[in-house]
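> In full-length UniProt numbering, the protein residues as written are 1 to 79.
A virtual CB, placed ideally from N, CA and C, is assigned to each residue, including glycine.
Owing to the predicted nature of the structure, the values given are computational and were not obtained by experimental measurement.
Questions regarding the structure given below will be posed in turn.
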């Protein structure tokens, strides 16, 4: 039995969530976000989306699933 990619609908190996192409696209977008945040650590989701072209909803999904961490800059400074 074949499974189908949740994103593009193409056939893929059973038990996977996305096909290899969509999985690679996700990884590329994640790396772009991560690199941007490393350069601009106080950015919010809207700023990241505007700079990278990746949707706010996808950025928030990375935060929800724990791939990206939100740090309160006031807490880091001891305020």
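When DSSP labels each residue in this structure, what does residue 27 get in the three-state scheme?
helix
> Hey, how far is the Cα of residue 15 from the Cα of residue 2?
9 angstroms
> Are residue 36 and residue 51 close, meaning C-beta to C-beta below 8 angstroms?
yes
> Give me the Cα-Cα distance between residue 33 and residue 24, rounded to the nearest whole angstrom.
Spanning the two alpha carbons is a distance of roughly 14 angstroms.
> Using 10 angstroms around the beta-carbon of residue 8, count the other beta-carbons present and answer buried if the total reaches 16, otherwise exposed.
Exposed is the call here.
> From the DSSP output, which residues share a beta bridge with residue 65?
Partner(s): none; residue 65 has no beta bridge.
> From what residue to what residue does the alpha helix (DSSP H) around residue 18 run?
Segment: none, residue 18 is in no alpha helix (DSSP H) and carries neither H nor E.
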